[in-house]
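Structure first, commentary second.
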Amino acid sequence: MDMLDDTPRGKSNRKLDAYWMPFTANRQFKASPRMLVGAKGLHYTSDDGREILDGTAGLWCCNAGHGHTEIADAVHRQLLEMDYAPSFQMGHPLAFEFAERLKDLAPDGFEHVFFTGSGSESVDTALKIALAWHRARGEGSRTRLIGRERGYHGVGFGGISVGGLVNNRRHFGTLLTGVDHLPHTHAPEHNAFSRGQPEWGAHLADDLERLVGLHGAETIAAVIVEPVAGSTGVLVPPKGYLQRLREICDKHGILLIFDEVITGFGRLGTPFASQFFGVMPDIFTTAKGLTNGAVPMGAVFTTDRIHDAFMNGPEGTIELFHGYTYSGHPIACAAGLATLDIYERDGLLTRAASIAPAWEEALHGLKDAPHVIDIRNLGLIGGIELASRPGAPGARAYDVFTACFQEGCMIRVTGDVIAMSPPLSIGEAEIAQLIGTLRKVLERTE
Ligand code: PMP
16 MDMLDDTPRG KSNRKLDAYW MPFTANRQFK ASPRMLVGAK GLHYTSDDGR EILDGTAGLW
76 CCNAGHGHTE IADAVHRQLL EMDYAPSFQM GHPLAFEFAE RLKDLAPDGF EHVFFTGSGS
136 ESVDTALKIA LAWHRARGEG SRTRLIGRER GYHGVGFGGI SVGGLVNNRR HFGTLLTGVD
196 HLPHTHAPEH NAFSRGQPEW GAHLADDLER LVGLHGAETI AAVIVEPVAG STGVLVPPKG
256 YLQRLREICD KHGILLIFDE VITGFGRLGT PFASQFFGVM PDIFTTAKGL TNGAVPMGAV
316 FTTDRIHDAF MNGPEGTIEL FHGYTYSGHP IACAAGLATL DIYERDGLLT RAASIAPAWE
376 EALHGLKDAP HVIDIRNLGL IGGIELASRP GAPGARAYDV FTACFQEGCM IRVTGDVIAM
436 SPPLSIGEAE IAQLIGTLRK VLERTE
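Anchor point for the sequence shown: position 102 equals 117 in the working numbering, and the numbering is continuous, going up by one each time.
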């Protein structure tokens, strides 16, 4: 059956059936669609002509807000100059220039950048680099990968294997073998309503010692974690947790991978989360904010130590048998370079540091709002957990999400957690609007 969109600006019987939407309840959506048709600054425009405050930077990607002419111009210019260049055995200047600029932004020691097309591709790339690195150094027995419960690392087979979201895994067969999961760090009994990093839970990293004991360090290639888990309900690492993980990895020669797909590009008030926490991984992944969401792209950063181990083979051999048709795509590089210019010009990569206290204060002001059982935050990330409606997990948060949209604010929900990650350019007035709308909606939600 074709569903027709008959909203006022739905413009003449738009058909909705053909597009199989990702991570969406398609039938529910198509019965009452929410259509966005424009975006400028901090706002989307809906197809019925309403301004919607973007409380999520799209999907954690439009860190500089929307509709930048510099990005549009750069993309347009590059399209006319050269739309595409083969990424294998051919180069084009923008990819090299973009990698250099990114390297300068990254923590000291991250000297190399491998381009991908998305966060999921970045994760699979990082895992493959970790496995191949051990092999290149004569430690091919290190094939096990360790993720974490409630981890989200995109939707490739590597990413869902190390990921810890049951729904993302259980429909898809046996996945990668040789994968274990550390416990997640969500502990409301100790940490509810923590502001910033919770006090309790650094020792949860010690579970890595258990896995080393179980399998032997010589079988373990890498541990991958999100420094702050976003998509799984905003889980902020307890104080000392990431440091502990780093120590145990070092002790046993295990690589540490940070998945910085959402924390990269200023979300915590530093370019990357590793700089915020003062903990350096061996490899880290990015995407999203890399091009301000304007063109799909991801990037994996590595140190000399990782990269150089691949560079020892005979001249003329391909060092890493991996890459994508769209690795370093000229249009994405053009968008990315223009994005970095905007981030730097507007001080956006550090802005979260100055606005975070106001964000935290406003967010925690909802502590006494109906249904709220926890509030979590770090940088410009906020999570508000609601009590589940009996027998219908996620239903209450979904109602809040749709009501907020009607009231002119875009939030995101994952289970019964409201997750927010506004553009880094958000001001106190918009924060007040977002939180005020949430309060109003929560007060009338069943
Ligand atoms: N890793 C993390 C931590 C993410 O949050 C996401 C996306 N939300 C991904 C990987 C996957 O990125 P993509 O959807 O671009 O494949």
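Think of the CB as a built atom: it goes at the ideal place given N, C-alpha and C, for glycine as much as any other residue.
Just so it is clear, the structure is predicted and the values come from calculations on it, not from any experiment.
(Q) Any heavy atom of the ligand PMP closer than 8 Å to the beta-carbon of S436? (A) The count along the sequence shown starts at 1 and reaches residue 436 at position 421. Answer for S436: no, Cβ out of range of the ligand PMP.
Q: Report the option in A444, S440, I426 and F280 whose CA atom is closest to the CA atom of V456.
A: Translated into the one-based positions of the sequence shown, residue 456 becomes position 441. If we check each option's Cα against that of V456, I426 comes out closest.
**Q.** Residues bridged to K55 (per DSSP)
**A.** Along the sequence shown, read from residue 1 onward, the residue named residue 55 stands at position 40. BP columns for K55 point to H58.
Q. Count the other CB atoms within 10 Å of the CB of D32; is the residue buried (16 or more) or exposed (fewer)?
A. Residue mapping note: residue 32 aligns to position 17 of the sequence shown, counting from 1. It is exposed - the Cβ of D32 has fewer than 16 other Cβ atoms within 10 Å.
Q. Where does the unbroken beta strand (DSSP E) through G162 begin, and where does it stop?
A. Counted from its first residue, the sequence shown places residue 162 at position 147. Taken as a continuous stretch (DSSP letters only), the beta strand (DSSP E) holding G162 covers R159 to R163.
Q | Candidates L146, P252, V90 and V177: closest to P345 by CA position | A | Numbered from 1 along the sequence shown, position 330 holds the residue referred to as residue 345. Looking at the Cα atoms, V90 is the closest of the given residues.
Q | DSSP beta-bridge partners of I390 | A | Within the sequence shown, the letter at position 375 stands for residue 390. In the DSSP output, where bridge partners are listed per residue, I390 has I399.
Q: Please report the Cβ distance between Y358 and L364, rounded to the nearest whole angstrom; I am assuming they are in contact, meaning their Cβ atoms lie under 8 Å.
A: Counting from 1 along the sequence shown, the entry for residue 358 is found at position 343. Counting from 1 along the sequence shown, the entry for residue 364 is found at position 349. Confirmed, Cβ separation roughly 5 Å.
Q: Return yes when the Cβ of F130 is within less than 9 Å of the Cβ of Y339, no when it is not.
A: Counted from its first residue, the sequence shown places residue 339 at position 324. Counted from its first residue, the sequence shown places residue 130 at position 115. Closer than 9 Å, so yes.
Q.
Below 8 Å, is the gap between the Cβ of D69 and the nearest heavy atom of the ligand PMP?
A. The residue labelled residue 69 in the question sits at position 54 within the sequence shown. Checking the Cβ of D69 against the ligand PMP gives no.
Q: Identify, in the order they occur along the chain, each residue of the same chain with its Cβ nearer than 6 Å to the Cβ of N392, setting aside the five sequence neighbours on each side.
A: The count along the sequence shown starts at 1 and reaches residue 392 at position 377. Here the set comprises E375 and L378.
Q.
If you reduce the DSSP assignment to three classes, tell me which class V432 lands in.
A. Numbered from 1 along the sequence shown, position 417 holds the residue referred to as residue 432. V432: strand per DSSP, three-state reduction.
Q: Pull up the distance between the alpha-carbon of H196 and that of G171, whole angstroms please.
A: Counting from 1 along the sequence shown, the entry for residue 196 is found at position 181. Counting from 1 along the sequence shown, the entry for residue 171 is found at position 156. When rounded, the distance between both Cα atoms is 17 Å.
Q. Nearest CA to the CA of I161: which residue from V415, G211 and V138?
A. Residue mapping note: residue 161 aligns to position 146 of the sequence shown, counting from 1. Considering only alpha carbons, the answer is V138.
Q: Return yes when the C-beta of V138 is under 8 Å from any heavy atom of the ligand PMP, and no when it is not.
A: For the purposes of this step, residue 138 is identified with residue 123 of the sequence shown, where counting begins at 1. Answer for V138: yes, Cβ within range of the ligand PMP.
**Q.** Rounded separation between R454 and A384 - CA only
**A.** By one-based count along the sequence shown, residue 454 stands at place 439. By one-based count along the sequence shown, residue 384 stands at place 369. Each residue's Cα considered, the two are about 6 Å apart.
(Q) At 4 residues or longer, what runs of the alpha helix (DSSP H) sit wholly inside the region 204–238? (A) 222–230
Q | Pairwise C-alpha distance: I333 and H201 | A | The residue labelled residue 201 in the question sits at position 186 within the sequence shown. The residue labelled residue 333 in the question sits at position 318 within the sequence shown. Those two C-alpha atoms are separated by around 43 Å.
Q: Let me know if R225 comes out buried or exposed under the rule of 16 or more other beta-carbons within 10 Å of its beta-carbon.
A: Position 210 of the sequence shown, counting from 1, holds the residue named residue 225. Exposed, because fewer than 16 other Cβ atoms sit within 10 Å of the Cβ of R225.
Q: Would you mind giving the Cβ-Cβ distance between A412 and V387, rounded to the nearest angstrom? I have them listed as a contact below 8 Å.
A: Position 397 of the sequence shown, counting from 1, holds the residue named residue 412. Position 372 of the sequence shown, counting from 1, holds the residue named residue 387. Not quite, the Cβ-Cβ distance comes to about 11 Å (not below 8 Å), so this is no contact.
Q) the ligand PMP heavy atoms versus the CB of T200: any closer than 8 Å? A) The residue you call residue 200 lines up with position 185 of the sequence shown. No, the Cβ of T200 stays beyond 8 Å of every heavy atom of the ligand PMP.
Q) Any chance the region 265–275 sits against the region 114–122, with 3 or more Cβ pairs inside 8 Å? A) no
Q.
Quick check on L74: does DSSP put it in helix, strand or coil?
A. As a first step, residue 74 is located in the sequence shown; it is residue number 59 there, counting from the start. If DSSP states are grouped into helix, strand and coil, L74 belongs with the helices.
**Q.** For K30, three-class secondary structure by DSSP
**A.** As a first step, residue 30 is located in the sequence shown; it is residue number 15 there, counting from the start. Reduced to three states, the DSSP call for K30 is strand.
Q.
Between I433 and I399, how many whole angstroms is the CB-CB distance? I'm expecting something under 8 Å.
A. Within the sequence shown, the letter at position 418 stands for residue 433. Within the sequence shown, the letter at position 384 stands for residue 399. Between I433 and I399, the beta carbon gap of about 4 Å places them in contact (Cβ cut-off 8 Å).
Q: Report whether the distance from the Cβ of I161 to the nearest heavy atom of the ligand PMP is below 8 Å.
A: Sequence index remark: in the sequence shown, residue 161 carries index 146 (1-based). Outside the cutoff, so no.
Q) Just how far apart, CA to CA, sit A232 and R360? A) Position 217 of the sequence shown, counted from the start, is the residue given in the question as residue 232. Position 345 of the sequence shown, counted from the start, is the residue given in the question as residue 360. Going from the Cα of A232 to the Cα of R360 covers about 46 Å.
Q: Report all residues from its chain with a CB closer than 8 Å to the CB of M16; omit the five preceding and five following residues, and keep chain order.
A: In the sequence shown, the residue the question calls residue 16 occupies position 1. With a pLDDT of 42 at M16, under the threshold of 50, the modelled position of that residue is not reliable, and no figure is offered here.
Q.
Within the continuous beta strand (DSSP E) that includes A444, where are the two ends?
A. Locating residue 444 in the sequence shown gives position 429, counting from the first residue. Run containing A444: none in the beta strand (DSSP E); it sits in the alpha helix (DSSP H), E443 to R459.
Q.
Can you tell me whether Y167 sits near the ligand PMP, meaning its C-beta is under 8 Å from at least one heavy atom of the ligand?
A. On the sequence shown, residue 167 is found 152 positions in, with the first residue counted as 1. For the ligand PMP, at least one heavy atom lies less than 8 Å from the Cβ of Y167.
Q. Taking C-alpha atoms, which residue in W215, A217, E204 and L305 lies nearest to A350?
A. In the sequence shown, residue 350 corresponds to position 335, counting from 1. If we check each option's Cα against that of A350, L305 comes out closest.
Q.
Please classify D319 as buried or exposed, where buried requires at least 16 other C-beta atoms within 10 Å of its C-beta.
A. Position 304 of the sequence shown holds residue 319. Its Cβ having fewer than 16 others within 10 Å, D319 is exposed.
**Q.** Nearest-angstrom beta carbon gap, I298 and A141 [assumed within contact, 8 Å]
**A.** In the sequence shown, the residue the question calls residue 141 occupies position 126. In the sequence shown, the residue the question calls residue 298 occupies position 283. At roughly 5 Å, the Cβ-Cβ gap stays under 8 Å, so A141 and I298 are in contact.
Q. For E136, does the count of other Cβ atoms within 10 angstroms reach 16, so buried, or fall short, so exposed?
A. One-based indexing of the sequence shown puts residue 136 at position 121. The residue in question, E136, is buried, as its Cβ has 16 or more Cβ neighbours within 10 Å.
Q | Secondary structure of T129, DSSP reduced to three states | A | Your numbering for residue 129 matches position 114 in the sequence shown. It should be noted that the sequence gives Phe, not Thr, for residue 129. Here F129 sits in strand by DSSP.
Q) Within 10 angstroms of its Cβ, does Q104 collect 16 or more other Cβ (buried), or is it exposed? A) Here residue 104 refers to the residue found at position 89 when the sequence shown is read from its first residue. Per the 10 Å Cβ criterion, exposed.
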